[in-house]
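Input: a single structure, listed below in structure tokens.
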Amino acid sequence: MAQGSGTAYKELREKISKRDLFACLALWTERCPHGTSEQGIEQGQDVKSDDNDEVFEEPPTKRQKEDGFIEQNVETRNQPNVNGGNGIIKEVSEAKKILNNQFISNNHKFQESEVAPGFQETAEKVKVNKVGVVVTDADDQIVGMDFSHDNMHAVTSALIGNPIRARGGTVYVSRKPCTFCIKLLAELKIKRIFYLPFEPEIPVEDDLCNAERIQKICGIAASVAVPHISDCILKDCLLKASPFTHNKADYKETALEFMKTYWNNDWLSKASRLLMWPEFQDLCSEVSIQVKKMFDWLAIVTICDVPDCTEFVSYDNSGSLNSIINSGIFCPNPESTTWQSLALHMVRMAHILSKYSDDPTRGVGAVILKENSIVGAGWNCYTSDALYGDFPRAASKHVHIKNKRYPFSIHGEQSVILHRFVTDIKDESTTIFVNKMPCDECVPLMLRVGVKNVVFPPEKAKKFHTQLKVNLLKTSVASGRLRGFVARQSSGTSAIKDSESRNQFNDIMKD
1 MAQGSGTAYK ELREKISKRD LFACLALWTE RCPHGTSEQG IEQGQDVKSD DNDEVFEEPP
61 TKRQKEDGFI EQNVETRNQP NVNGGNGIIK EVSEAKKILN NQFISNNHKF QESEVAPGFQ
121 ETAEKVKVNK VGVVVTDADD QIVGMDFSHD NMHAVTSALI GNPIRARGGT VYVSRKPCTF
181 CIKLLAELKI KRIFYLPFEP EIPVEDDLCN AERIQKICGI AASVAVPHIS DCILKDCLLK
241 ASPFTHNKAD YKETALEFMK TYWNNDWLSK ASRLLMWPEF QDLCSEVSIQ VKKMFDWLAI
301 VTICDVPDCT EFVSYDNSGS LNSIINSGIF CPNPESTTWQ SLALHMVRMA HILSKYSDDP
361 TRGVGAVILK ENSIVGAGWN CYTSDALYGD FPRAASKHVH IKNKRYPFSI HGEQSVILHR
421 FVTDIKDEST TIFVNKMPCD ECVPLMLRVG VKNVVFPPEK AKKFHTQLKV NLLKTSVASG
481 RLRGFVARQS SGTSAIKDSE SRNQFNDIMK D
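Structure representation (structure tokens):
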């Protein structure tokens, strides 16, 4: 029986665990299109030529231009006058200057004359991987999310953004953190670190040994986060309707790309040594199965549910679509391919968050950006102390049930606003990304805290009378208090029919 029909709302359905959700979020955050190396170099560019000793003069990244950076070559990027920063906290300038001297992005190499701090002079060149991180407090509430960018390590940037709430919490990282990050985690009394079994941030044994030493002395429990996503969860995600498309895209190519990037034979040959995980030799086969299921799940809830052909256009109170350009360097701009890629990434992130929802029929996830920095993430739920059966679970479609869930449910937008990482988010650039059109309960809250832009999927026709209205969003956009951007499918989609979803699930089982 399909979810949401008949008595399915009564079912206590299986969902992804919080640990696996946060680990997947960290990995997805790492892949943010605005991510750069700690020295601001776009991932994929070479710092040193493979053919000769010429040093390239790298152009500043888009974010660097927005922050007023001056073009400079790699040799001068460690000068004290270089200021990285994402504009959140002014006091971190000194930390950023230190970081400027240290690292460069995934697949980049230090110049032979430059050696990562803590290493002896050697002809070997050091690689530093891009990282994504999710920080939670003692109550398992997300208090920080970030990725490597603008001269900042992901972990460092997330911690300094909200150090008080992060203290004593848990950190989920897409890769094992480097020594620099570990010592800052220790200083904030972080209790636990979970990292995915992929190549570490700095895959060098000296750095890994130093990090291990800090962990032991400071009593930080660090564990490899081996994912465990069941076949039932995969099937539920694959068969469930997407709010962004009627025809889901094929996820297999993306899942394969994840495997080639993070779980290739080269990495497997050295994983046990670099992760300091001797048991991996015996567990490799089972871990590989679980990693593949995680990649399948991540590809389904991102590429499959929100296809690459999704684009975002302006929305007005009549529901018509057009293109506008907003002023401000960080403001949404539908005509910018850079903003379109960022919006697509963040909408997919919101959809990932929705998979932890308590809603028995449809989850809602939400992400807030201010000046292109993540300042909030949440999903719809019941109150934190509620257990199954404490509140009604029926929806409007269950006409034979008198008591509905609506008065008791905390919406995704409400959750992300209540638990935002920073208090002041008022800015022309502040944008909330949601996987459901905001209702009249949520719009006043969004306006109150200073949200100016809303990105959401198209409104679907209601088959049943519902308590949730969307009139305020339409009037707020019409009056100019909000700028709305709605998703639509561009031409040239590689979508598959809904009827093929079951065949895709059968293929998963065969693999």
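All letters in the sequence shown, in the order written, are residues 1 to 511 by the UniProt record's numbering.
Ideal placement from N, C-alpha and C gives every residue a C-beta, glycine not left out.
Quick caveat: nothing in here was measured; it's all calculated off a predicted structure.
Exercise. Does at least one heavy atom of the ligand GDP sit under 6 Å from the Cβ of V470?
Worked result: You won't find the ligand GDP in this model; it holds no ligand whatsoever.
Problem set entry | Environment of I217 [buried if 16+ CB atoms lie within 10 Å] | Here residue 217 corresponds to residue number 217 of the sequence shown, with the count starting at 1. That one is exposed.
Exercise. Looking only at its own chain, which residues have a Cβ that is under 6 Å from the Cβ of A271, when we skip the five neighbours before and after it?
Worked result: Taking the first residue of the sequence shown as 1, we reach residue 271 at position 271. Correct list, in chain order: F280.
Exercise. CB-CB under 8 Å to N162, same chain, minus the five flanking residues each way: which ones, in chain order?
Worked result: Numbered from 1 along the sequence shown, position 162 holds the residue referred to as residue 162. Within the same chain, N162 has close Cβ partners V135, V143, G144, F421, V422.
Problem set entry | Alpha-carbon spacing of I190 relative to I182, whole angstroms | The residue given as residue 190 occupies position 190 in the sequence shown. The residue given as residue 182 occupies position 182 in the sequence shown. I190 and I182: Cα-Cα distance of roughly 9 Å.
Problem set entry | Those runs of the alpha helix (DSSP H) which lie wholly inside the stretch 261–296 and span at least 4 residues | 265–268, 271–274
Exercise. For residue 513, does the three-state DSSP call read helix, strand or coil?
Worked result: Because the chain spans 1 through 511 in this model, residue 513 falls outside it and cannot be assessed.
For this session: Alpha carbon to alpha carbon, how far is L256 from N265? Give it in angstroms, no decimals.
Result: Residue numbering aside, residue 265 sits at position 265 when the sequence shown is read from its first letter. Residue numbering aside, residue 256 sits at position 256 when the sequence shown is read from its first letter. Each residue's Cα considered, the two are about 14 Å apart.
Exercise. So the beta strand (DSSP E) F244 belongs to, where does it begin and stop?
Worked result: The count along the sequence shown starts at 1 and reaches residue 244 at position 244. No beta strand (DSSP E) contains F244, which DSSP labels as neither H nor E.
Exercise. Is L344 buried or exposed, if buried means 16 or more other CB atoms sit within 10 Å of its CB?
Worked result: Taking the first residue of the sequence shown as position 1, residue 344 is located at position 344. Answer is buried; the Cβ neighbour count reaches 16.
Exercise. For V301 versus I352, is the C-beta spacing smaller than 7 Å?
Worked result: The residue labelled residue 301 in the question sits at position 301 within the sequence shown. The residue labelled residue 352 in the question sits at position 352 within the sequence shown. Yes, Cβ-Cβ distance for V301 and I352 is below 7 Å.
Exercise. According to the Cβ coordinates, are D358 and C331 closer than 7 Å?
Worked result: Taking the sequence shown and counting its residues from 1, one reaches residue 358 at position 358. Taking the sequence shown and counting its residues from 1, one reaches residue 331 at position 331. No; because the gap between Cβ atoms is not below 7 Å, this pair is not in contact.
Exercise. Rounded to a whole number of angstroms, what is the C-alpha to C-alpha distance between E14 and F456?
Worked result: Start at 1 with the first residue of the sequence shown, and residue 14 comes out as number 14. Start at 1 with the first residue of the sequence shown, and residue 456 comes out as number 456. Those two C-alpha atoms are separated by around 26 Å.
Problem set entry | Alpha-carbon spacing of V451 relative to K474, whole angstroms | To locate residue 451, count along the sequence shown from 1; it is residue 451. To locate residue 474, count along the sequence shown from 1; it is residue 474. V451 and K474: Cα-Cα distance of roughly 15 Å.
For this session: Specify whether the stretch 231–240 and the stretch 307–317 touch according to this definition: at least 3 beta carbon pairs, one from each stretch, less than 8 Å apart.
Result: no
Problem set entry | alpha helix (DSSP H) segment containing R19, residue limits | Here residue 19 corresponds to residue number 19 of the sequence shown, with the count starting at 1. From DSSP, the alpha helix (DSSP H) with R19 extends over 18–30.
Problem set entry | Exposure of N187, with buried meaning 16 or more beta-carbon neighbours within 10 Å | Indexing the sequence shown from 1 puts residue 187 at position 187. According to the sequence provided, residue 187 is Glu. The question's Asn does not apply to it. That one is exposed.
Exercise. Which residues mark the beginning and the end of the beta strand (DSSP E) in which T361 is found?
Worked result: On the sequence shown, residue 361 is found 361 positions in, with the first residue counted as 1. Per DSSP, T361 belongs to no beta strand (DSSP E) and is neither H nor E.
Problem set entry | Same chain, Cβ closer than 8 Å to I202, neighbours up to 5 away in sequence not counted | In the sequence shown, the residue the question calls residue 202 occupies position 202. Closer than 8 Å at the Cβ level, and outside the excluded window around I202, lie F103, A116, V126, K127, V128, N129, C178, T179, L208.
Exercise. Nearest to T245 by CA position, among T254, M276, D305, is which residue?
Worked result: Taking the first residue of the sequence shown as position 1, residue 245 is located at position 245. For T245, the nearest C-alpha among the options comes from D305.
Problem set entry | Contact set for K370: own chain, Cβ-Cβ below 7 Å, skip 5 residues either direction | Numbered from its first residue, the sequence shown carries residue 370 at position 370. Cβ neighbours of K370 beyond the five flanking positions: I425, D427, S429, T430.
Exercise. Which residue comes first and which comes last in the alpha helix (DSSP H) that contains T179?
Worked result: Along the sequence shown, one-based indexing puts residue 179 at 179. Looking at the DSSP string, the run of the alpha helix (DSSP H) that includes T179 is 179–187.
Problem set entry | Three-state secondary structure assigned by DSSP to V416 | Start at 1 with the first residue of the sequence shown, and residue 416 comes out as number 416. Correct three-state label for V416: helix.
Exercise. In the structure shown, what three-state DSSP assignment does G376 receive?
Worked result: What you label residue 376 is simply residue 376 of the sequence shown in a count that begins at 1. DSSP places G376 in strand when its eight states are reduced to three.
Exercise. Per DSSP, what kind of secondary structure is R483 in: helix, strand or coil?
Worked result: Position 483 of the sequence shown, counted from the start, is the residue given in the question as residue 483. Residue state, collapsed to three classes: strand.
Exercise. Roughly how many angstroms lie between the CA atoms of G365 and L184, to the nearest whole one?
Worked result: Looking up residue 365 in the sequence shown gives position 365. Looking up residue 184 in the sequence shown gives position 184. Their Cα atoms are separated by approximately 30 Å.
For this session: Could you tell me the boundaries of the alpha helix (DSSP H) in which N210 lies?
Result: The residue labelled residue 210 in the question sits at position 210 within the sequence shown. Where N210 is concerned, the enclosing alpha helix (DSSP H) stretches over 205–218.
Exercise. Excluding the five sequence neighbours on either side, which residues of its own chain have a C-beta within less than 6 Å of the C-beta of Q72, listed in chain order?
Worked result: Start at 1 with the first residue of the sequence shown, and residue 72 comes out as number 72. Interpretation of Q72 is limited by its pLDDT of 35, a score under 50 that renders its predicted location unreliable; the figure taken from the coordinates is listed afterwards. So the list is empty, once near-sequence residues are dropped.
Exercise. What are the residues that DSSP puts in a beta bridge with G132?
Worked result: Along the sequence shown, read from residue 1 onward, the residue named residue 132 stands at position 132. G132 pairs with F147.
Problem set entry | Beta-carbon proximity list for A211, same chain, < 6 Å, skipping 5 on both sides | Locating residue 211 in the sequence shown gives position 211, where the first residue counts as 1. So the list reads T179, I182, once near-sequence residues are dropped.
Problem set entry | N- and C-terminal bounds of the alpha helix (DSSP H) containing I190 | Along the sequence shown, read from residue 1 onward, the residue named residue 190 stands at position 190. Here I190 belongs to no alpha helix (DSSP H), and DSSP marks it neither H nor E.
Exercise. Between L21 and the rest of its own chain, which residues show a CB-CB distance below 8 Å, the 5 nearest in sequence each way excluded?
Worked result: For this step, residue 21 is matched to residue 21 along the sequence shown. The answer, listed in chain order, is I352, L353, K355, Y356.
For this session: Alpha carbon to alpha carbon, how far is V133 from A158? Give it in angstroms, no decimals.
Result: One-based indexing of the sequence shown puts residue 158 at position 158. One-based indexing of the sequence shown puts residue 133 at position 133. The straight-line gap from Cα to Cα measures roughly 7 Å.
Problem set entry | Nearest-angstrom Cβ-Cβ length linking D360 and L274, presumed shorter than 8 Å | By one-based count along the sequence shown, residue 360 stands at place 360. By one-based count along the sequence shown, residue 274 stands at place 274. A quick correction: the sequence has Pro, not Asp, at residue 360. With a Cβ gap of about 43 Å, P360 and L274 do not count as contacting.
Problem set entry | Residues that DSSP places opposite C381 in a beta bridge | Here residue 381 refers to the residue found at position 381 when the sequence shown is read from its first residue. The partner list for C381 (beta bridge, DSSP) reads I410.
Exercise. Would you call T337 buried or exposed, if buried means 16 or more other Cβ atoms sit within 10 Å of its Cβ?
Worked result: Taking the first residue of the sequence shown as position 1, residue 337 is located at position 337. By the neighbour-count rule (16 or more Cβ atoms within 10 Å), T337 is not buried but exposed.
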